[in-house]
Amino acid sequence: MRRLIHPAVVSSVSILSREESRTLCGLRTLVEGWIGGLEASDGGLVVRTEKRMTSSGSVARKRLEGTVSSLKGGKPWAALFADNSQLQSVLAAFSPPGWDHPALGFGIQTTLAGTSIDLAYIGRSLSEMQGATTDRLAEGETVHVYRWALDHPSVLSLLPGKGPGDPDWNDALATDPGFLQGWIGRSAWIPLMDRADGYELTPYESCSSLDWFRGVLPGDGGLHDAKMTRAGCSRVLRFVSPRLWLGPPLVALVDRAKMEHVAELTELGHGWRVVARAEGDLVALEEALLPVLPVESARVKRSS
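First residue of the sequence shown: 793, per the numbering used here; consecutive thereafter.
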C-alpha cells in the first residue's frame, strides 16, 4: 500500500494488442522525441534487453551503455524497435552526470513467450470475479509501453519538453486500433512487467485481495499468466489513477452514466480518456470502475 500513496515516481503506461496495433513501429519516434533533449548531456544511458525464451528455456540478454547521443545513431539502437527483433523486454534507464542511480527511463515489454492460457478457464474465472457472463475471449499478446521519471523538479527539468506526466504518449497510442488501456500515475514504483525470471504486479494489483497464484476457481490455473495477455488486458484494469485511458473492450464493460458522474470523459478513437473530477478521492472512481477492477467485484456487490 505504501507504494501507492508515496508519489516518488511519475509514470505513464499504455497497453496495446500486439496483433492489432498499427503504431508499434512508431515507438522509436515517441522515445526519441522524449529523450532527444538529453543528447547534449554526459549522463549515462543503460539499456538492458531480453529476447523471447527459447523452447529449451534459455534467454539471451544484452546490455548497451553510453550517452544518449552515442547510442541513438547505432544499429543496436535501431534493433530495439525492429518488428523482427524477437525482444521480450527493453528496459532503459538514464542517470545524470555524477548520479549513482537512474533518474528516468522507458520500457517496452511483451507477453512472455510461450505463455499458454486456457481461455475457457480464464473466462470462467472472469465470470466468477465480475458476476457477468464472459463472451469468447480473444487470443493474443500485448505490448506494454511506458516511461517514468523521479517526481522531483531537478529530474523533471532535465526533460526538454514533456515529462511522463503529460498525456501526449497515451493520447497518441489511444487512437490505435489495438489500444487496450493506459494510465498516468504517481507512486513509489518504477514500471516493470513480467520477465523470464519472474512475475511482476503493479502496485494496484499487489493490493488486490485476489490470489494470483491460485486464482478464484478450484484448480491450478492461477491468474498470473493471463494478466499480460490480450484476453486479460481486455477485461481487467491493471492500475487505477486520476488519469486513465480505456480501450473499446473496457469501455463496453462499464456504465457510461456512472463514469460521467465521477470523471470527465474524452473520446479518443473508440475509447476514452478518463480524468477524475475529484483527483484526491479515488473511491468514487473505483466504484464506477468496479466491473473491470482486479478484484472479485461480484462479491463486493453482494456484500454491499
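The C-beta atom is built at its ideal place from N, Cα and C for all residues, glycine as well.
Here the structure is a predicted model, which is why all the values come from computation and not from measurement.
Where residue i and residue j are concerned, what is the direct C-alpha to C-alpha distance, given to the nearest angstrom?
i: L826; j: R820; result: As written in the sequence, residue 826 is Trp, which differs from the Leu given in the question. Each residue's Cα considered, the two are about 10 Å apart.
i: L733; j: L950; result: This structure cannot speak to residue 733, because the chain is shown only from 793 to 1096.
i: T1058; j: A924; result: 27 Å
i: S1000; j: T994; result: 10 Å
i: I982; j: L896; result: 9 Å
i: F1031; j: G829; result: 30 Å
i: A905; j: R853; result: 15 Å
i: M985; j: E997; result: 12 Å
i: R1094; j: Q922; result: The pLDDT assigned to R1094 is 47, lower than 50, so where the model puts this residue is not dependable; a value taken from the coordinates is nonetheless given after this. C-alpha separation (whole angstroms): 11 Å.
i: S979; j: P969; result: 29 Å
i: P868; j: V860; result: 13 Å
i: E842; j: Y938; result: 17 Å
i: P1010; j: A1080; result: 29 Å
i: L1082; j: T967; result: 24 Å
Indicate whether residue i and residue j have their beta-carbon atoms separated by less than 9 Å.
i: H936; j: G899; result: yes
i: I914; j: S804; result: no
i: Q878; j: R987; result: no
i: I909; j: A1018; result: yes
i: A930; j: R1022; result: yes
i: D927; j: P889; result: no
i: L1077; j: V1066; result: yes
i: T934; j: L808; result: yes
i: L965; j: G955; result: no
i: V802; j: W940; result: yes
i: R1069; j: A1055; result: yes
When DSSP labels each residue in this structure, what does residue i get in the three-state scheme?
i: Y913; result: helix
i: I820; result: The amino acid occupying residue 820 in the given sequence is Arg; Ile does not appear at that position. R820 falls in the helix class under three-state DSSP.
i: G829; result: helix
i: L1009; result: coil
i: E812; result: coil
i: S1104; result: Beyond the ends of the chain as shown, which are 793 and 1096, falls residue 1104; an answer cannot be given.
i: G836; result: strand
i: S919; result: helix
i: R1094; result: Because the pLDDT of R1094 is 47, which lies under 50, any placement of that residue in the model is unreliable, and the number read from its coordinates should be weighed accordingly. Note: R1094 maps to helix in three-state DSSP.
i: G932; result: coil
i: G890; result: coil
i: G849; result: coil
I'd like to confirm the pairing. Which residues does DSSP put opposite residue i in its beta bridges?
i: K1019; result: DSSP, once it has assigned bridges, lists no residue as partnering K1019.
i: G899; result: L883, Y938
i: K841; result: Checking the sequence shown, residue 841 turns out to be Thr, not Lys. Answer is K854, V882.
Looking at the ligand PLP, does it come within less than 8 Å of residue i, judged from the CB to the closest heavy atom?
i: Q973; result: Ligands displayed in this structure: none; no statement on the ligand PLP is therefore possible.
Complete runs of the beta strand (DSSP E) confined to the stretch 853-879 [at least 3 residues]: 853-858
Completely contained alpha helix (DSSP H) runs for the stretch 1027-1089, where each covers 4 or more residues: 1040-1043, 1048-1054, 1075-1081
Alpha helix (DSSP H) runs contained entirely in the stretch 934-1007, provided each spans 4 or more residues: 945-948, 960-966, 995-998
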